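One structure is given below, encoded as structure tokens.
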């Protein structure tokens, strides 16, 4: 049995996705990861939201379900930061798609998140997802405050687990080599400080400077996404800002690098150490043994990258079937009642 | 006024030849003018295999318990003492790259919170929470813990896709590699409880059977002496208690007599009743006696082994339990699974009735207990390890706020519940157990 197992090709890399779902770049990044998932280039194994906004969790779940095409979607619960100090109103890019109805009055983008108990504790969810991965076969994607990841790191044994399972952390946070305070860092400076000090694997950071270097081609929303009249990513994009516009989406660079680090899309900085300052700024100090690097935009790759973004995100969902069908709830009524006594 | 009355020790025994019958909690055990003696808190885990038909387990409401779903219906009279917990998960029961073997894993992980090592020989899991409790309070009772079962106590061999039978056939683990096999035979359990802790050899048992009517005969002198010192209320309690012990003895003798009439063609344990309900009743009657007389405060009860293929002809189901659970949405098979699930709960409810009827000071044995009833799988068809069916009966001595359904967030570890229970059983602050992430919130009356 062991020999057969050894001959099997390694499964696609597992992606842990954690985000505040506060910017359209987060939505696009999640869609990119699911697009690659449909091509068997990765598997999204954990989804968590770091903002206490139940509708953000609901929309994350709606995207998961959309990209499953109505098929098997591994029933992932959505990790959700409950009661953290992060807050903020739900942006239109989430409220509008969630409010959209079909012709018969049903939600256009159904989801399984109606109340807090439909969500999961994010730190337990992330930990549990990693326990199911082969060593060195997971990548963690972060585009938001580090709150959830730091909570996970605080659980017993999780630092060792991360060191064993995770190749690297791909994080959109900060500005490199220097710049002003960045939103994801500012949302939880203490967590960001701990993350860059304690995270046990290499970290590849994407800074705010990537936003203007690689804006998402907004024109593709009206063309490549037109295969369906109702696409949650297209709706979110339209709701985010008046069209037409090219969205700043540095999160996409972090997602693309996470799945295809060897495709030469980006240049990499020398190794070094990223330090988070009290005001939310980041500083990068090169050092030969440093575990941190940051991505550098490569103008020569720009068109190739933008084409990949649009193609992968707009791809039709791949429908998978479960090994065992779930018990059919509707059969409940058909089951005869038991006799009064055995 | 001079108070001369001396209190009876809590751990008093009626003694006779080769016999020691522990006493139940009596008023005479409370020193005069002393504050009311608090009865101890007991903890038990009752485990049923192969998951549950969750369509008939989970109600469609939260909070205060209303009408209970079909499988839990037998517990309706006791729902004021029932706490239903939803969404608890055992990640250690999942495959986590180890392939098939959910039955072996889920049972091994159930009270340990650890994924068992996949091996039929080199077993390893973790110390179970009941044994952590037993290690801390076990010296206060005659038995630190009791392990009881009804089907299969084999410890060797491969019982599920490479997982040792030690995982499917035990709940309690003294250490990460040392399971505590359950006692299946009522006679052996009886002798463990009343025979000074030693099980008799067949020769000794035959000799004793030949010359005795009851173990109560051996302690008759002690009983008479004690009765003369007791008040009317305590005499009644003692009489009821000894009658229940005698009743257990009679049931065992009947099972032994019945078994002697048939040749099962296999090494059937000496006193195991052929009837499931009778067996269940005998075992739980003895657990009741053990709790009542403070012989132990910690019990694990593996109703049948995980992955059990036992048929239930008692209720007209000749099919094996495990094959039925892989019903692939066949309504007829699903119905049989629900009937088996409900049948188990009916036996359990009868025990709960007895615990509730057993007075203990100004409370009841049930109120002073925490009896967890559940399974290591939820959907036995798909082998799911989340939203494990879990109810707790009893209040743990006015600790648990019962009569409610509490739904936790998804992926909340079952191990979190065990932390709360260990706290309540008096184990000094355990920071972490299994895959716990903290303690369950909102369980208690505070």
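Protein chains in written order, with this note's numbering: chain A, 29 to 370; chain B, 1084 to 1529. Positions of the beta carbon are idealized from the N, C-alpha and C atoms, including for glycine. All values reported here derive from a predicted model rather than from experimental measurement.
Pick from B:1316, B:1298 and B:1261: whose alpha carbon is nearest that of residue 1330 of chain B?
-> B:1298
Which ranges would you report for the alpha helix (DSSP H) in the stretch 1300-1388 of chain B if only whole runs of at least 4 residues count?
-> 1303-1312, 1315-1344 and 1359-1375
For residue 187 of chain A, which of A:227, A:266 and A:283 has the nearest alpha-carbon?
-> A:227
Return the first residue and the last residue of the alpha helix (DSSP H) that residue 1226 of chain B is part of.
-> Element bounds for residue 1226 of chain B: n/a, residue is neither H nor E.
Could you name the residues of chain B that residue 160 of chain A contacts, counting a contact when the two beta carbons are closer than 9 Å?
-> 1174, 1177, 1178, 1179 and 1180
Under 7 Å between beta-carbons, which chain A residues line up against residue 1515 of chain B? List them in chain order, please.
-> 184
Show which residues of chain A have a CB atom less than 8 Å away from the CB atom of residue 1170 of chain B.
-> 145
Please go through the stretch 58-103 of chain A and give each complete beta strand (DSSP E) segment of 3 or more residues, from N-terminal end onward.
-> 70-77
Specify, as a first and last residue, the run of the alpha helix (DSSP H) that residue 338 of chain A falls within.
-> 330-341
Cβ-based contacts, 8 Å cut-off: residues of the stretch 1479-1497 of chain B near chain A = 1490, 1491, 1492, 1493, 1494, 1495 and 1496
Is there a Cβ from chain A that is less than 9 Å from the Cβ of residue 1518 of chain B?
-> yes
For residue 1246 of chain B, which residues does DSSP report across the bridge?
-> B:1243
Residue 105 of chain A at chain B interface by Cβ criterion, 9 Å | yes
Supposed close pair residue 314 of chain A, residue 331 of chain A - CB separation, criterion 8 Å | That belief does not hold up - the Cβ atoms of residue 314 of chain A and residue 331 of chain A are roughly 30 Å apart, past 8 Å.
Taking C-beta pairs closer than 7 Å, name the residues in chain B that residue 156 of chain A reaches, listed in chain order.
-> 1174 and 1494
From residue 272 of chain A to residue 1469 of chain B, what does the alpha carbon distance come to, in whole angstroms?
-> 45 Å
Residue from B:1339, B:1371 and B:1133 whose Cα sits closest to the Cα of residue 1356 of chain B = B:1339
Of the choices B:1505, B:1099, B:1451 and B:1442, whose alpha-carbon is the least far from that of residue 1301 of chain B?
-> B:1099
Taking only runs that begin and end inside the stretch 216-290 of chain A, name each unbroken beta strand (DSSP E) of 3 or more residues, in chain order.
-> 231-234
Tell me, to the nearest whole angstrom, how far the beta carbon of residue 1483 of chain B is from that of residue 1475 of chain B; I am working on the premise that it is less than 8 Å.
-> 6 Å
Distance, residue 278 of chain A Cα to residue 236 of chain A Cα = 7 Å
Is the CB of residue 45 of chain A under 9 Å away from at least one CB in chain B?
-> no
Out of curiosity, what's the CA-to-CA distance linking residue 1348 of chain B and residue 1504 of chain B?
-> Note that residue 1348 of chain B scores a pLDDT of 48, beneath 50, so its modelled location is shaky and nothing firm can be said.
First and last residue of the uninterrupted alpha helix (DSSP H) at residue 320 of chain A | No alpha helix (DSSP H) contains residue 320 of chain A, which is instead part of the beta strand (DSSP E) from 320-324.
What is the C-beta distance between residue 1384 of chain B and residue 1130 of chain B, in whole angstroms, given that I count them as a contact (C-beta under 8 Å)?
-> 7 Å
List the endpoints of the continuous alpha helix (DSSP H) containing residue 134 of chain A.
-> Per DSSP, residue 134 of chain A belongs to no alpha helix (DSSP H) and is neither H nor E.
Assigned secondary structure, residue 1168 of chain B (DSSP; H/G/I helix, E/B strand, else coil) = strand
Any C-beta of chain B sitting closer than 9 Å to the C-beta of residue 81 of chain A?
-> no
Closest residue to residue 1478 of chain B among B:1128, B:1159, B:1234 and B:1166 (Cα-Cα distance) | B:1166
Enclosing beta strand (DSSP E) for residue 1420 of chain B [first to last residue] = Per DSSP, residue 1420 of chain B belongs to no beta strand (DSSP E); it is in the alpha helix (DSSP H), 1414-1440.
Under three-state DSSP, which class holds residue 1497 of chain B?
-> helix
Give a yes or no on whether the C-beta atoms belonging to residue 1193 of chain B and residue 1497 of chain B are separated by under 9 Å.
-> yes
Sequence-distant residues of the same chain with beta carbon closer than 6 Å to residue 1133 of chain B, five excluded per side | 1404, 1405, 1408 and 1463
Measuring only between beta-carbons, confirm whether residue 153 of chain A sits less than 9 Å from chain B.
-> yes
Does any residue of chain A bring its CB to less than 9 Å from the CB of residue 1578 of chain B?
-> Any question about residue 1578 of chain B goes unanswered here, given that chain B covers just 1084 to 1529.
Inter-residue spacing [alpha-carbon to alpha-carbon] between residue 1518 of chain B and residue 1174 of chain B = 8 Å
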